[in-house]
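Q:
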Amino acid sequence: MKITSTLTAVVGALAVFTPLTFAAVESEGLAIYDADLEARGVSSCGAASTRKHHNKKKSKKKAKAQAKAKANHVQAQINSIPKQTQQQQHKHKKVSSARPSHYYSSASQKSTQSASAPKTTSAPSTGPTGSTGTSSNNLSSFEQTILDIHNQDRAKHSASPLSWSPTLASAATSWAKGCAFKHTPNNPYGQNIAAGTSSTFGATDSANMWYDEISKYNFASGIYSAATGHFTQMVWKRSKQLGCAVQECTASQLGLGSGSSAKYVVCNYDPPGNYIGEFLQNVLPN
């Protein structure tokens with residue numbers, strides 16, 4: 001009986017403890033499974049898990065701090081831009097080409113400032129088409145203004161006044177209508193072009209932009225420069241006739257951005273100026 005009773009007690013104990021042991025193992029297995037998902041390759045002990053989550057918090061805080069510091073740095077750079085520069089970005093744009101139509105090199109190489117074939121001959125005394133100038137009668141406001149400004153500036157450099165040529169003006173009009181901010185290909189005339197987005201841009205702005213290049217011209221050397229080509233063509237002593245046109249275009253057509261209209265000014269000169277070796281005789285000091 002004792003043996004039986006003992007066995008029963010043992011068996012009973014087994015019967016009681018077995019479910020508990022199974023439950024513990026089952027629970028332990030779930031814990032390990034979760035640990036594998038949360039921290040693959042990391043020890044499943046509590047301390048390691050705690051350190052991992054703690055590091056995550058640190059990384060997030062560090063990333064936020066770095067992002068904030070970067071934003072502050074960018075804002076500081078924006079604030080450091082001079083107010084004058086920021087204001088200039090909102091002003092109307094205007095540009096002038098640095099490419100007079102004629103620039104003849106003694107090396108017979110085509111210049112980046114020329115739209116015509118290179119020549120080494122001297123400038124002709126009359127225009128290539130034999131066009132004749134006219135008086136300033138019946139000119140539009142634009143035509144009269146740009147002719148007057150040219151002649152006022154030429155007088156400062158002992159150059160005779162230009163006469164208005166309908167032939168040159170017609171050629172300028174035909175080219176300006178295309179709204180392409182570049183020089184007329186194979187143009188037999190000298191040519192200056194300019195463009196601007198201001199509603200008042202026209203004869204005065206264009207002519208003044210060109211003449212203002214005088215500040216960069218060296219009268220003593222008489223050397224051609226792309227930065228002074230408009231000025232030298234304006235006051236070129238042997239040029240006798242002028243014809244200009246203004247055309248309304250879009251800003252994008254003229255390379256002045258988008259979303260606004262723009263004015264395109266084209267002027268032709270005959271005979272053309274800017275001949276290599278002839279600057280000292282044709283561009284005189286003020």
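Under UniProt numbering, the first residue of the sequence shown is numbered 1, with each subsequent residue one higher. We put the CB at the ideal spot given by N, CA and C, even for glycine.
Can you pull the DSSP bridge partners for residue 217?
A: Taking the sequence shown and counting its residues from 1, one reaches residue 217 at position 217. Residue 217 pairs with nothing; no bridge assigned.
Q: Contact criterion: CB-CB distance below 8 angstroms. Does residue 268 meet it with respect to chain B?
A: Going by chain labels, chain B is absent from the structure shown, which holds only one protein chain.
Q: If you run the structure through DSSP and keep just helix, strand and coil, what is residue 229?
A: Translated into positions along the sequence shown, residue 229 becomes position 229. Residue state, collapsed to three classes: helix.
Q: Three or more C-beta pairs closer than 8 angstroms, one from the segment 157-164 and one from the segment 275-284: is that the case here?
A: With the cut-off at 8 angstroms, the segment 157-164 and the segment 275-284 touch.
Q: State the DSSP-derived secondary structure class of residue 242, mapped to helix, strand or coil.
A: Within the sequence shown, residue 242 is the residue found at index 242, counting from 1. Three-state DSSP puts residue 242 in a strand.
Q: Output the residue ranges of the alpha helix (DSSP H) runs that lie fully inside the UniProt domain "SCP" (141-277) and measure 4 residues or longer, sorted by chain position.
A: DSSP runs (the alpha helix (DSSP H)) wholly in the UniProt domain "SCP" (141-277): 141-155, 166-176, 203-211 and 229-234.
Q: How many Å lie between residue 148 and residue 254 at the Cα?
A: The count along the sequence shown starts at 1 and reaches residue 148 at position 148. The count along the sequence shown starts at 1 and reaches residue 254 at position 254. Going from the Cα of residue 148 to the Cα of residue 254 covers about 26 angstroms.
Q: Rounded to whole angstroms, how far is the Cβ of residue 241 from the Cβ of residue 270, which I believe are closer than 8 angstroms?
A: Translated into positions along the sequence shown, residue 241 becomes position 241. Translated into positions along the sequence shown, residue 270 becomes position 270. Contact holds; Cβ gap of about 5 angstroms.
Q: Between the segment 220-234 and the segment 178-186, do at least 3 Cβ pairs fall closer than 8 angstroms?
A: No: the two stretches stay apart, fewer than three of their Cβ pairs being nearer than 8 angstroms.
Q: Spatial neighbours of residue 16 within its chain, please: CB distance less than 7 angstroms, with the 5 preceding and 5 following residues excluded, ordered by chain position.
A: Walking along the sequence shown from the start, residue 16 turns up at place 16. Confidence in residue 16 is poor, its pLDDT being 34 and thus under 50, which makes the residue's placement too unreliable to answer from.
Q: Would a C-beta distance cut-off of 8 angstroms place residue 303 and residue 245 closer than the cut-off?
A: Residue 303 lies beyond the range of the chain shown here (1 to 286); nothing can be said about it.
Q: What first and last residue would you give for the alpha helix (DSSP H) that runs through residue 280?
A: Against the sequence shown, residue 280 aligns to sequence position 280. Per DSSP, residue 280 belongs to the alpha helix (DSSP H) from 279-282.
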